[in-house]
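Residue numbers (mature numbering (1 follows the signal peptide of the UniProt record, and there is no 0)): 1 to 276. No residue lacks a Cβ here, since even glycine has one placed at the ideal position from N, Cα and C. Computed from a prediction, not measured in an experiment: that's the story for all the values here. Read the structure below first, then the notes.
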Ligand code: ADE
Ligand code: ZN
Ligand code: ZN
């Protein structure tokens, strides 16, 4: 997702933390003078494109997604993530560090930032799919309501932020800058649509126990939605403009995925920070 998507997921989760998890998260965030999860939600996107000698972490660029070709029905670790440097393997690793009360607060804060971010990314359908080696749609250039964002509009960015920004009338400024109050507004709107039954259903796989198994399920859900909707509903003629029809099909799915990511992030944090 883009900065609004990640902030919305963080804001939905923030409201669903237990007092215990809330307190533990606040203590970790305070190490960097932050107060709320949304303030760190996009940090992993700021370090990947910075060289190592300048303090960046290019090796983490692959942690945000997993390329599962659309010809496959589901994730297979040996085939799709042989080096274990993809979102499906990194997310449970970071959750373990966050849950480790013997790890240093600094390390746990870094893990918290990754968990908030990757819980969002794994729910973005195109972060768990590729077609014809298109890098999750990054190679599919298109226009959206006639706009090509100076050549930067592509299928992936449309799902990360193009449709959200269009539908919620949001605007991303330079250096990922957003209006936190607008993200919160959108999170409150989506949060109010979530019924208790839905929320409980969405965390069933987590409640069943194994975090890695649950993570695989979330990636598989994303992959299915990429096949059926993100790619499936795309006009077949290359370079066609994408607009109203595609938005009407995809925006409900995007909202659902942001809601699920937020509810599940809260559940993960409530467990990981429950022993502090
Ligand atoms: N780069 C390569 N594949 C990608 C994907 N599925 N999502 C985001 N970035 C990618
Ligand atoms: Zn993305
Ligand atoms: Zn990301």
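Any chain D beta carbon closer than 7 Å to residue i
i: residue 264; result: Chain labels in this structure do not include chain D; a single protein chain is all it has.
Residue i: CB within 6 Å of a non-hydrogen atom of ligand 1
i: residue 331; result: Lying outside 1 to 276, the shown extent of the chain, residue 331 is not represented and no answer is given.
i: residue 83; result: no
Nonlocal neighbours in the same chain, by C-beta distance under 8 Å from residue i, ignoring five residues either side
i: residue 229; result: 125, 249, 250 and 253
i: residue 34; result: 40
heavy atom of ligand 2 below 6 Å from residue i C-beta
i: residue 107; result: no
i: residue 160; result: yes
Residue i, buried or exposed, once every other Cβ within 10 Å from all chains shown has been counted against 16
i: residue 191; result: buried
i: residue 154; result: buried
i: residue 177; result: exposed
i: residue 131; result: buried
i: residue 14; result: buried
i: residue 241; result: exposed
i: residue 136; result: buried
i: residue 165; result: buried
i: residue 11; result: buried
i: residue 181; result: exposed
i: residue 255; result: buried
i: residue 150; result: exposed
i: residue 110; result: buried
i: residue 108; result: buried
i: residue 262; result: buried
i: residue 42; result: buried
i: residue 46; result: exposed
Cβ-based neighbour list, residue i, same chain, cut-off 6 Å, excluding 5 preceding and 5 following
i: residue 99; result: 272
i: residue 115; result: 94, 95 and 98
i: residue 8; result: 183, 186, 187 and 258
i: residue 118; result: 87 and 91
i: residue 140; result: 134, 154 and 155
i: residue 218; result: 122
Distance cut-off 6 Å: residue i Cβ against heavy atoms of ligand 3
i: residue 121; result: yes
i: residue 165; result: no
i: residue 80; result: no
i: residue 38; result: no
i: residue 11; result: no
i: residue 45; result: yes
Cβ-based neighbour list, residue i, same chain, cut-off 7 Å, excluding 5 preceding and 5 following
i: residue 239; result: 142
Closer than 6 Å: residue i CB and nearest ligand 5 heavy atom
i: residue 39; result: Among the ligands in the structure shown, ligand 5 does not appear; only ligand 1, ligand 2 and ligand 3 can be found there.
Inset, instruction - Could you name each continuous beta strand (DSSP E) segment of 3 residues or more that falls completely within the segment 165-250, going from the start of the chain to the end? - result: Runs of the beta strand (DSSP E) inside the segment 165-250: none found.
Inset, instruction - Starting from the N-terminal side, write out each stretch of the alpha helix (DSSP H) that is 4 residues or longer and does not extend beyond the segment 34-89. - result: Entirely contained in the segment 34-89, the alpha helix (DSSP H) runs reaching 4 residues are, in chain order, 77-80.
Inset, instruction - Please list, in chain order, all residues with a C-beta atom less than 5 Å from at least one heavy atom of ligand 1. - result: If you measure from each CB to the nearest heavy atom of ligand 1, the residues under 5 Å come out as 65, 67, 127, 135 and 136.
Inset, instruction - Could you name each continuous alpha helix (DSSP H) segment of 4 residues or more that falls completely within the segment 98-144, going from the start of the chain to the end? - result: Fully enclosed alpha helix (DSSP H) runs of no fewer than 4 residues occupy 105-121 of the segment 98-144, in order along the chain.
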